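Top to bottom, those sequences are chains A and B. 1 is the number of the first residue of the first sequence in the UniProt record's numbering; add one for each residue after it. 1 is the number of the first residue of the second sequence in the UniProt record's numbering; add one for each residue after it. Glycine included, C-beta positions come from ideal geometry on N, C-alpha and C. Treat the numbers as computed from the prediction; the structure is a model and nothing was measured. First the structure, in the form of C-alpha cells, and then the observations on it.
Number of protein chains: 2
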Amino acid sequence: MALQSLTQLVLALVAAAAVGIVSVIFVLTWVFSYKEGLAWDGGLAEFNWHPVLIVVGFIFLQGIAVVVYRLPWTWQCSKLMMKFIHAGLNLLAFIFAVISLVAVFDFHNAAKIPNMYSLHSWLGLVAVILYCLQLVLGVGMFLIPATPVSWRAAFMPLHAYSGLLLFTSVIAVALMGITEKLIFGLSNPKYKDSPPEAVFVNILGVLLVVFGALILWIATRPSWKRPNDQPLNTPHTNGGGEDNSKVNLSMSGGADADTCSDVRRRNNKAEDQTEG
Amino acid sequence: MALQSLTQLVLALVAAAAVGIVSVIFVLTWVFSYKEGLAWDGGLAEFNWHPVLIVVGFIFLQGIAVVVYRLPWTWQCSKLMMKFIHAGLNLLAFIFAVISLVAVFDFHNAAKIPNMYSLHSWLGLVAVILYCLQLVLGVGMFLIPATPVSWRAAFMPLHAYSGLLLFTSVIAVALMGITEKLIFGLSNPKYKDSPPEAVFVNILGVLLVVFGALILWIATRPSWKRPNDQPLNTPHTNGGGEDNSKVNLSMSGGADADTCSDVRRRNNKAEDQTEG
C-alpha cells in the first residue's frame, strides 16, 4: 500500500475511534447528568443500562470488530489471532446487547409497560437474533478447522454483507430508541420544546451516524484490506507484498513484529484469500 | 456473466421491486384507511403527504435509481442514456422529498408545532441537503462532457459510497419518523396497546428495511455490474465480453437491442470503466 493511502487509513481509524469514544462519553453523560444514573433495581436507573450497553457494546465494540482486520499495526500478526479478536469483540458486543435487553424487559415488567409493541423493539430483537446467527455461522465457517476452504470462500461475501448490514441496522434501531426515549422521558419541558437534554441527545444521535459512516467507509475501501487478503490474481500495480512488508515493519516494533511475522508465516494459507 | 448468476440477479431485482411496491401500497393504505387521506389544507391530511412522498420518492424511486445500472435488460443501451435515467430518478426522488418537507413544515406552522426539534428532523434535513449536493456533484462530474476522465475515476468511489450511505440513512430516518408518528398519532388505544394501525405500520417499517437490504445486496455484488463497467484489467476468467453480449441479446428484443447496441458503441469510452 502506498504511504499516502496508509496515512489516510490511519487518519480515518483515528477519526472513527475519536467519534466512537465521544459517543460513549455522551451516553454516559446523558445517563449520569440528565437521567437517574445506573442501578439494577427495576426502575429508570435499570432502564439506563439499555442505551449505555447498546452504545458501548453493540455500536462501539461492534464497529471496532468490523474494522479490526484493517488496523495496519496488526498486519504482521497471524490471521488466526485476528479472527479470534474479531469473534471475541463480536461476542462481547452480543453479550452487552443481551444484558441491555434484559434491563429493558425488567424495567417494562416492573412498570407494567408492554414489551415488544414498537417498531424499535421488533427490529432490535430481530437484529440481536440475526447477530447471534451471524456469530454462530461465522465461528462455524471461519474458526472450525474442518470447514472446507471452498465453503469459506463461498460464505465470505454473505458474511461481510450481513456484518455491515447488521452494524448499520443496529445504529438505525438506536436512533429509533433515542427518539422514543426523548418523547417518553421528557415532560415539562417536552421534547418539542428543545430542552438542553433533547439537544444533547440529538447530538449523540448525530455522532452515532458519523461513527457508522466512518466505519462503513473504512470497511469498504478495497485498497485498505489486510494486504494478504487481497486476491492473489489481482496485479499488484502500486504496492504489492514487498512494499507492504516494509511499511508494516516500519510501523510495528522490532520484537513484536518478529513474533507476529513468525506466526503469520505459518497461517498464511489459501483461506486467507477469502476475507471480504 | 454466467446464466445462473444472471438468474439470481433478476430474482433479486424482482424481489426488491415486489417489496418496494408492497411498501408503497402499505403507506397508501395507512394514509387512506387509518388516517385522514391526502389534502393540501394545512391539516393532518397535508401532513400525510410526508410519509407518502418519502416512501414513494425518497425510498422507492431512490432505490430503483441505485440499481438502475444493474438491470440486465438495459445493458444493451448506451451508458449515457442510463446516466440520464439514474440522474432523472434521483432528481424526481429529490423533488418528492422537498415537497414532503414543505407538507410537514406547513402542517407544523398551522398547528403551532415547533419545527426541527427532533433527531428525525435534524438527520432528515441533513440527508436532503447532502442528497442535493450528491445530485449536483454527480451531474457536474459524470454528465458534463468537459469533466476530465481522471476526475470521474477519482470521484466515483466517493459517489457510490455516498449514494448507498444516503439511501440507507433515508430509510433509518423514515423508521424514526414512523416511530414519532405512531407515538404522537395514536391515542386511545395508544401505540403501546398495539392497535391494528400500530401493527400495520410496524410491518411497513420492516418492509422498508427488507427493501433497503435487497437494494444494498444488489448494488454491492461486483459480478452484477454492467458488463462494460467491470475493470478492463481484470482477467475475464468466467464470462467475459462475448458471453455477456450473447446473454444480453437473448434477453432484449431484436429491434430494441439493435438501437441500443448502436448507441452503445458510440458511448463505449474509457469513462465507462469508472462506474463503481
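Please state the DSSP three-state secondary structure of residue i.
i: VAL102 (chain B); result: helix
i: residue 282 (chain B); result: Examination of residue 282 (chain B) is not possible in this model, given that chain B is present from 1 through 276 alone.
i: GLY253 (chain A); result: The predicted position of GLY253 (chain A) is uncertain, since its pLDDT is 36 and thus under 50; a value taken from the coordinates is nonetheless stated next. Coil.
i: MET81 (chain A); result: helix
i: VAL126 (chain B); result: helix
i: PHE107 (chain A); result: helix
i: LEU143 (chain B); result: coil
i: THR29 (chain B); result: helix
i: VAL67 (chain B); result: coil
i: PRO227 (chain B); result: helix
i: PRO189 (chain B); result: coil
i: residue 283 (chain A); result: As shown, chain A starts at 1 and ends at 276. That puts residue 283 (chain A) outside it, with no answer to give.
i: LEU133 (chain A); result: helix
i: ALA39 (chain A); result: coil
i: GLU242 (chain A); result: Because the pLDDT at GLU242 (chain A) is just 34, under 50, the model does not fix this residue reliably, and the point stays unresolved.
i: ALA16 (chain B); result: helix
i: ALA97 (chain B); result: helix
i: THR237 (chain B); result: Confidence at THR237 (chain B) is low in this model, with a pLDDT of 38, below 50, so its placement is unreliable and the value that follows should be read with caution. THR237 (chain B) falls in the coil class under three-state DSSP.
i: GLY138 (chain A); result: helix
Taking the continuous alpha helix (DSSP H) assigned at residue i, which residues delimit it?
i: ALA45 (chain B); result: 44-47
i: GLN76 (chain A); result: First-last for GLN76 (chain A): undefined, no H or E at that position.
i: TYR181 (chain B); result: First, the amino acid is wrong: residue 181 (chain B) is Lys here, not Tyr. First-last of the alpha helix (DSSP H) with LYS181 (chain B): 149-185.
i: GLY212 (chain A); result: 196-220
What in chain E is Cβ-close to residue i, meaning under 7 Å?
i: LYS35 (chain A); result: Considering every chain present, this structure includes no chain E. Its protein chains are A and B.
Could you tell me if the beta carbon of residue i falls within a distance shorter than 7 Å of some heavy atom in the ligand NAP?
i: LEU204 (chain B); result: In the structure on display, the ligand NAP does not appear, and there are no ligands present to speak of.
Inset, instruction - Would you check if the stretch 189-196 of chain B and the stretch 119-127 of chain B touch, i.e. whether three or more CB-CB distances between them fall below 8 Å? - result: At 8 Å Cβ cutoff, the stretches do not touch.
Inset, instruction - Report yes or no: do three or more beta-carbon pairs, one from the stretch 52-62 of chain A and one from the stretch 23-38 of chain A, lie closer than 8 Å? - result: Yes, they touch.
Inset, instruction - Check whether the stretch 140-157 of chain B touches the stretch 29-42 of chain B, taking contact to mean three or more Cβ pairs, one atom from each stretch, closer than 8 Å. - result: No contact exists between the stretch 140-157 of chain B and the stretch 29-42 of chain B.
Legend entry - Validate contact between the stretch 64-83 of chain A and the stretch 211-221 of chain A using beta carbons, cut 8 Å, 3 pairs: With the rule of 3 Cβ pairs closer than 8 Å, the stretch 64-83 of chain A counts as touching the stretch 211-221 of chain A.
Inset, instruction - Inspect the CB distances between the stretch 12-24 of chain A and the stretch 171-178 of chain A and report whether three or more fall short of 8 Å. - result: Touching, no, given that fewer than three Cβ pairs across the two stretches are closer than 8 Å.
Legend entry - At least three beta-carbon pairs within less than 8 Å, the stretch 42-53 of chain A to the stretch 81-93 of chain A: Two segments are said to touch when three or more pairs of C-beta atoms, one from each, lie closer than 8 Å; by this definition the stretch 42-53 of chain A does not touch the stretch 81-93 of chain A.
Inset, instruction - Compile a chain-ordered list of the residues in the stretch 107-118 of chain A whose CB is closer than 8 Å to at least one CB of chain B. - result: Flagged, chain order: ILE113, PRO114, TYR117 and SER118.
Inset, instruction - Name, going along the chain, the residues of the stretch 190-209 of chain A whose beta-carbon falls closer than 8 Å to a beta-carbon of chain B. - result: For the stretch 190-209 of chain A, which is checked against every Cβ of chain B, the residues closer than 8 Å are TYR191, LYS192, ASP193, SER194, ALA198, VAL201, ASN202, GLY205, VAL206 and VAL209.
Inset, instruction - Return the residues of the stretch 6-33 of chain B that lie within a Cβ-Cβ distance of less than 7 Å from chain A, sorted by chain order. - result: Only those residues of the stretch 6-33 of chain B whose C-beta falls short of 7 Å from the nearest C-beta of chain A would be listed, and there are none.
Legend entry - Inter-stretch contact (C-beta, 8 Å, three-pair minimum) for the stretch 200-211 of chain B and the stretch 11-22 of chain B: Cβ pair count under 8 Å is three or more, so yes.
Legend entry - Interface residues of the stretch 175-186 of chain B facing chain A [CB-CB below 7 Å]: Residues LEU175, MET176, ILE178, THR179, GLU180 and ILE183.
Legend entry - Residues of the stretch 211-233 of chain B whose Cβ lies closer than 8 Å to any Cβ of chain A, in chain order: Of all residues in the stretch 211-233 of chain B, only ALA213, LEU216, TRP217, THR220, ARG221 and ASN233 place a beta-carbon less than 8 Å from a beta-carbon of chain A.
Legend entry - Against chain A: residues of the stretch 79-90 of chain B by CB proximity under 8 Å: Here the close residues number zero.
Legend entry - Contact list for the stretch 158-169 of chain B against chain A, Cβ threshold 8 Å: Residues are counted here when their Cβ sits less than 8 Å from a Cβ of chain A; for the stretch 158-169 of chain B these are TYR161, LEU165, THR168 and SER169, given in chain order.
Legend entry - Short-range partners of chain B found in the stretch 118-129 of chain A, where Cβ spacing is below 7 Å: From the stretch 118-129 of chain A, only SER118, LEU119, HIS120, TRP122 and LEU123 have a Cβ closer than 7 Å to chain B.
Legend entry - the stretch 124-138 of chain B / the stretch 94-108 of chain B touching (three or more Cβ pairs under 8 Å): At 8 Å Cβ cutoff, the stretches touch.
Inset, instruction - For the stretch 220-229 of chain B and the stretch 1-9 of chain B, state whether three or more C-beta atom pairs, one from each stretch, are separated by less than 8 Å. - result: The stretch 220-229 of chain B, when compared against the stretch 1-9 of chain B, does touch it at the 8 Å Cβ threshold.
Legend entry - Residues in the stretch 92-107 of chain A having any Cβ partner in chain B nearer than 7 Å: Cβ contacts with chain B come from no residue of the stretch 92-107 of chain A.
Inset, instruction - Using a Cβ-Cβ cut-off of less than 9 Å, list which residues of the stretch 138-154 of chain B approach chain A; keep chain order. - result: Only those residues of the stretch 138-154 of chain B whose C-beta falls short of 9 Å from the nearest C-beta of chain A would be listed, and there are none.
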